[in-house]
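K.L.:
The structure follows.
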Amino acid sequence: MAKSYGTDVKPLFRPKDINCMAGQGVSLDDPGYMCDPNGDTTFADHANARLVYSRLTGTKHPMPPDGPWTQAQLDIYSAWMTDGFQP
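For the sequence shown, our numbering assigns the number 1034 to the initial residue and increments by one for each residue that follows.
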């Protein structure tokens, strides 16, 4: 079954993650924002979701700041992207 943002990914974000990122203009609690297909100068499509993934897996401005996600959590996020960024 395809992963969806509301069912599979959004619950992975804690309230403090949502609040922290909201202060940076990232709306983790908004499926419309996270599933937006538009790109930007960094990502050709789904820029919002891809930016968050790059922060989850990267070392520059890592998120969450208090420790990395588990591989299982990253796999869920990655599967959601592969499944077409379903709301």
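Quick reminder that beta carbons are idealized off the backbone N, C-alpha and C, glycines included.
Excluding sequence positions up to five away, which residues of its chain have a Cβ less than 8 Å from the Cβ of R1088?
P.N.:
Numbered from 1 along the sequence shown, position 55 holds the residue referred to as residue 1088. Once the five neighbours on either side are set aside, the close Cβ partners of R1088 are H1094, P1095, M1096.
K.L.:
From the DSSP output, which residues share a beta bridge with S1037?
P.N.:
The residue you call residue 1037 lines up with position 4 of the sequence shown. DSSP, once it has assigned bridges, lists Q1119 as partnering S1037.
K.L.:
In this structure, does DSSP put A1112 in helix, strand or coil?
P.N.:
Here residue 1112 refers to the residue found at position 79 when the sequence shown is read from its first residue. The answer is helix: DSSP assigns A1112 an H, G or I state.
K.L.:
With distances taken from CA atoms, which of G1117, A1077, V1085 is nearest L1045?
P.N.:
Here the question's residue 1045 lines up with position 12 in the sequence shown. Residue V1085 is the option with its Cα nearest to L1045.
K.L.:
Just how far apart, CA to CA, sit D1069 and F1076?
P.N.:
Position 36 of the sequence shown, counted from the first residue, corresponds to residue 1069. Position 43 of the sequence shown, counted from the first residue, corresponds to residue 1076. Cα to Cα, the separation comes out at about 12 Å.
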